[in-house]
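Colleague:
Laid out in structure tokens, this is it:
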């Protein structure tokens, strides 16, 4: 599937998903809360998480998703993953005092921290309501466990910033919780809703996990190498904040003693100093193949995810899932 | 049941509930998160919400709660209400920049806002997990709807502070969402877990709603009339913040033109001015029977809650529920 066909498909699905979200927001009685949720949710994102639930369910094809009720249920179940994702972004933006989200003013910067925290709580509750009442207990357990993992990962990350933890193991344990758990749950939930129990369900769970991990590795790469005009984010934030991401971790591992000492001493500085020395740090990481290593790890994860889908017959859903893997690797924003 | 017998019973149940909470917290893998949750949850509170779930279930007696598995399930289900309550307090304290909670340093003041927000999110997820996996879909729908109502009520309250809304209707709609929804759900959930569907379930739901409303009215009374040495809270906060609570609303309604204009002009001032004029405002409210009116409304709600329990045969659980109603009315902290 060509990149343009893929993007056209993503766009048309995002329109459908946004319609389901807009319908669901009618259940919010408070006008201001409704406005805030609309701002947070309907901002032209790709809706990757709900899309994965929908594609995974259709790939399994155990139910007839042309039946209106089952189809409507699938879409409403799927948006619970967008809700949980948006809830975590709302709280993240309060925590980071962020001004901008997806190119628009962040909720906290328009309405203040209180409405932003509360709106996140609302979406959290609504996500669980949708997941539990449409998907049942097993699917609720999935999504609530993923939500708990996201929090635990934030705590591991806070700790590793302080200790300057250089192990790949703790980097990946943060990624598993912060990004992969929810994406993996989104895929597995689709399979579960389709009534799939065996290897196919496991393959979709694994696909989601690897896609999530690769997505975050590329995110961490773009933090160093992205064009801020394209990504909409400042370059080098992670290094400035002292976050130990894969390019840096692998550079430290693969470097000569001199380079390692140099990188370590740059890291040991204040954030202001790290900002000044960002180009130097980038050069050392590049010299030690830190970026190449991270890119290869992401590509390997996507390759494994794709292999797992060999279980499924060819279909447009399978093509899109494979295309998404390539898209994650090639994205520049 | 005498006050002392009641308090002794509450205390012994709180010990059991705390043990279940402490056990459940072992599932948290991150050490810091576990510590924070222990601090937030195990602080010597009365555990009224889980206690209500347990008492309601036992009152219905449709299951044999001596059977260890059913009993353990009930306690684990019950703590989800304490979790959701604690989650909302964690976020409230971030929002209010509170230093103290239940006589101990607030989580945000010890660990900062980020861990406090995240710990609240964790408890929220865990509450939904417990409710859905132990209680099933209908109970999950209860608790997640109550959580959503809590958020909506906060938005209504923010609005009414700005508009100085003087209607009892909007005061009560805030109370319904902010306090009564969760307490009512805690009681109804107990009945549902016991397999009760009919009038008894409705009576417990109604009991919980009225208990919650009365509890909050008394809270609002104590905000004016409490002894800060006993309550641990500064007196007059609500008036200073411009919150329209029942003593003030009813005073405005029952006052002569002169008193009404005076109260309205005091309200129209800055918070600093309102703090200075607090004694005067208190005198006018007292003169217009605002405190008496609020006290009577609370007593009437408790009376109706008690009448609803006539459906049930006498039992120690019924006695405790009736005793709790009286306790709510008589409390001075």
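Chains as they are written, first to last, in this note's numbering: chain A, 1099 to 1431; chain B, 1099 to 1431. All C-beta atoms in this analysis are idealised placements derived from N, C-alpha and C, irrespective of residue type, glycine included.
Taking C-beta to C-beta, are residue 1353 (chain A) and residue 1386 (chain A) nearer than 8 Å?
Modeller: yes
Colleague: Taking the alpha-carbon positions, what's the residue 1251 (chain A) to residue 1129 (chain A) distance?
Modeller: Their backbone Cα atoms lie some 34 Å apart in a straight line.
Colleague: When you compare only the Cα positions, how much space is there between residue 1296 (chain B) and residue 1112 (chain B)?
Modeller: 29 Å
Colleague: Between residue 1298 (chain A) and residue 1289 (chain A), how many whole angstroms is the CB-CB distance? I'm expecting something under 8 Å.
Modeller: 6 Å
Colleague: So which of A:1114, A:1200, A:1176, A:1106 has the shortest CA-CA distance to residue 1141 (chain A)?
Modeller: A:1200
Colleague: Could you check whether residue 1174 (chain A) and residue 1122 (chain A) sit closer than 8 Å to each other, using their CB atoms as the reference points?
Modeller: The criterion of a C-beta distance shorter than 8 Å is satisfied by residue 1122 (chain A) and residue 1174 (chain A).
Colleague: With respect to the alpha helix (DSSP H) encompassing residue 1224 (chain B), which residues constitute its N-terminal and C-terminal limits?
Modeller: 1211-1228
Colleague: I'd like to know if residue 1253 (chain B) contacts chain A, where contact means its C-beta is closer than 8 Å to some C-beta of that chain.
Modeller: yes
Colleague: For the pair the region 1226-1234 of chain B and the region 1251-1265 of chain B, tell me if three or more CB-CB distances fall below 8 Å.
Modeller: no
Colleague: Are the C-beta of residue 1205 (chain B) and some C-beta of chain A separated by less than 8 Å?
Modeller: no
Colleague: Which value, in whole angstroms, describes the spacing of the CA atoms of residue 1169 (chain B) and residue 1163 (chain B)?
Modeller: 5 Å
Colleague: Can you tell me whether DSSP reads residue 1333 (chain A) as helix, strand or coil?
Modeller: coil
Colleague: Taking the continuous alpha helix (DSSP H) assigned at residue 1232 (chain B), which residues delimit it?
Modeller: Here residue 1232 (chain B) belongs to no alpha helix (DSSP H), and DSSP marks it neither H nor E.
Colleague: If you draw a straight line from the alpha carbon of residue 1249 (chain A) to that of residue 1209 (chain B), how long is it in whole angstroms?
Modeller: 15 Å
Colleague: Could you give the residue range of the alpha helix (DSSP H) that holds residue 1285 (chain A)?
Modeller: 1279-1291
Colleague: Please list the partners that residue 1269 (chain B) has in chain A, where partner means a Cβ-to-Cβ separation under 7 Å.
Modeller: None at all; the shortest Cβ gap to chain A is about 16 Å.
Colleague: Should residue 1183 (chain B) be labelled buried (16 or more other beta-carbon atoms within 10 Å of its own) or exposed?
Modeller: Sixteen is the threshold: when 16 or more other Cβ atoms of the shown chains lie within 10 Å of the Cβ of residue 1183 (chain B), as they do, the residue is buried.
Colleague: Any chance the region 1341-1352 of chain A sits against the region 1361-1379 of chain A, with 3 or more Cβ pairs inside 8 Å?
Modeller: A contact exists between the region 1341-1352 of chain A and the region 1361-1379 of chain A.
Colleague: Cutting at 8 Å between CB atoms, please list the residues of its own chain near residue 1238 (chain A), excluding the five before and the five after it.
Modeller: Sequence-distant partners of residue 1238 (chain A) (beyond 5 residues in either direction) whose C-beta falls short of 8 Å from its own C-beta, in its chain, are 1226, 1229, 1230.
Colleague: Hey, is residue 1367 (chain B)'s beta-carbon within less than 8 Å of any beta-carbon in chain A?
Modeller: no
Colleague: In this structure, how does DSSP classify residue 1126 (chain B) when only helix, strand and coil are distinguished?
Modeller: coil
Colleague: Name the residue from A:1256, A:1366, A:1308, A:1213 whose alpha carbon lies nearest to the alpha carbon of residue 1257 (chain B).
Modeller: A:1213
Colleague: At 7 Å on the CB atoms, spell out the chain A contacts of residue 1170 (chain B), in chain order.
Modeller: Per Cβ cutoff of 7 Å: no residues; residue 1170 (chain B) is ~18 Å from chain A at best.
Colleague: Which of the three DSSP states, helix, strand or coil, is assigned to residue 1174 (chain A)?
Modeller: helix
Colleague: Just curious, the alpha helix (DSSP H) that residue 1158 (chain A) is in, first and last residue?
Modeller: 1146-1158
Colleague: Any residues in the region 1217-1229 of chain A with a beta carbon nearer than 7 Å to a beta carbon of chain B? Which ones, in chain order?
Modeller: Within the region 1217-1229 of chain A, the residues whose Cβ lies closer than 7 Å to any Cβ of chain B are, in chain order, 1219, 1220, 1222, 1223, 1224, 1226, 1227.
Colleague: Determine which residues of the region 1126-1152 of chain B have a Cβ less than 8 Å from any Cβ of chain A, and write them out in chain order.
Modeller: 1126, 1127, 1128, 1130, 1131
Colleague: Going by C-alpha distance, which of A:1146, A:1120, A:1147 is nearest residue 1137 (chain A)?
Modeller: A:1120
Colleague: How is residue 1468 (chain B) classed by DSSP in three states: helix, strand or coil?
Modeller: The structure shown does not extend to residue 1468 (chain B), since chain B spans only 1099 to 1431, so no value can be given for it.
Colleague: Are residue 1211 (chain A) and residue 1193 (chain B) closer than 8 Å when you measure CB to CB?
Modeller: yes
Colleague: Assuming residue 1195 (chain B) and residue 1215 (chain B) are in contact, meaning their beta carbons sit under 8 Å apart, how far apart are those beta carbons, in whole angstroms?
Modeller: That belief does not hold up - the Cβ atoms of residue 1195 (chain B) and residue 1215 (chain B) are roughly 13 Å apart, past 8 Å.
Colleague: Would you mind listing the alpha helix (DSSP H) stretches within the region 1335-1379 of chain B that are 4+ residues and don't spill past its ends, in chain order?
Modeller: 1335-1339, 1344-1352, 1355-1365, 1369-1374
Colleague: Using a Cβ-Cβ cut-off of less than 7 Å, list which residues of the region 1306-1323 of chain B approach chain A; keep chain order.
Modeller: none
Colleague: Beta-carbon separation of residue 1185 (chain B) and residue 1222 (chain B) under 8 Å?
Modeller: yes
Colleague: When you compare each of B:1317, B:1345, B:1330 to residue 1202 (chain B) by their alpha carbons, which one comes out closest?
Modeller: B:1330
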